Amino acid sequence: MEGTVRTAVSTATPQQLFAVAADLASYPEWAEGVKGVEILETDAEGHATSARFDVEAMVRRISYVLVYTYDAPNQMTWRAEPGEDIEEMEGSYRFTETEDGGTEVVYALAVTPAFKVPGFLRSQAERHIVTTALRSLRRRAEAE
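Written out as structure tokens, the structure is:
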């Protein structure tokens, strides 16, 4: 499955970035387009392993369930359960400490909607989501 991968550098630590990214319930406060998050299941560490998202997408409002795995504080990955709005979705954040004490953040995302969207619009939407999410994640973690 093709997708979009972007990298950013933050002055926040991997632990700070991971904490913000793993706090799914707070996404409506800082993640563009996320209107609601319902945590469905958590693991022993309290991280959400399954969550339902309500998102204002470029073409319509959509809902989907993501299943998460974690390697704290280095990485979190997710995949969507197939549904009415999303056929497939895979994504990840990877946090790597830099020599100066900051963090390189790599965000990868691949989405196949369950409804017709021209390929160029899907690619444009993916790029917008990834770029905006990286910027917002970095700002949130650096402010805390």
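Residue numbers for the sequence shown follow our numbering, so the first one is 1316 and each next one is one higher.
Using N, Cα and C, we set each Cβ at its ideal position, and we do this for glycine too.
As the structure is a prediction and not an experimental result, all values here were calculated from the model.
Relative to the C-alpha of residue i, which candidate in the options has its C-alpha closest?
i: Ser1438; options: Pro1329, Phe1410, Ala1423, Ala1395; result: Ala1423
i: Thr1413; options: Ala1327, Val1320, Thr1319; result: Ala1327
i: Ala1387; options: Val1352, His1443, Gly1361; result: Gly1361
i: Leu1452; options: Glu1399, Ala1346, Glu1396; result: Ala1346
i: Glu1317; options: Val1426, Val1432, Ala1456, Pro1433; result: Val1426
i: Pro1428; options: Leu1339, Tyr1379, Arg1455; result: Tyr1379
i: Lys1431; options: Pro1329, Arg1375, Ala1395; result: Arg1375
i: Glu1396; options: Asp1338, Arg1454, Val1382, Glu1371; result: Val1382
Give the secondary structure of residue i by DSSP, where H, G and I count as helix, E and B as strand, and everything else as coil.
i: Phe1368; result: strand
i: Pro1388; result: coil
i: Thr1447; result: helix
i: Phe1435; result: helix
i: Pro1329; result: helix
i: Ala1425; result: strand
i: Glu1317; result: coil
i: Ala1363; result: strand
Would you please state the rounded distance, in angstroms, between the beta carbons of residue i and residue j? I believe it to be under 8 angstroms.
i: Arg1321; j: Thr1446; result: 6 angstroms
i: Ala1440; j: Leu1332; result: Not quite, the Cβ-Cβ distance comes to about 24 angstroms (not below 8 angstroms), so this is no contact.
i: Ser1407; j: Thr1418; result: Between Thr1418 and Ser1407 the Cβ distance is about 15 angstroms, and since that is not below 8 angstroms, they are no contact.
Residues bridged to residue i by DSSP?
i: Gly1351; result: Asp1369
i: Trp1393; result: Tyr1383, Gly1406
i: Ala1323; result: Val1420
i: Thr1413; result: Answer is none; Thr1413 lacks a bridge partner.
Does the count of Cβ pairs from the segment 1350 to 1357 and the segment 1395 to 1414 closer than 8 angstroms reach three? no
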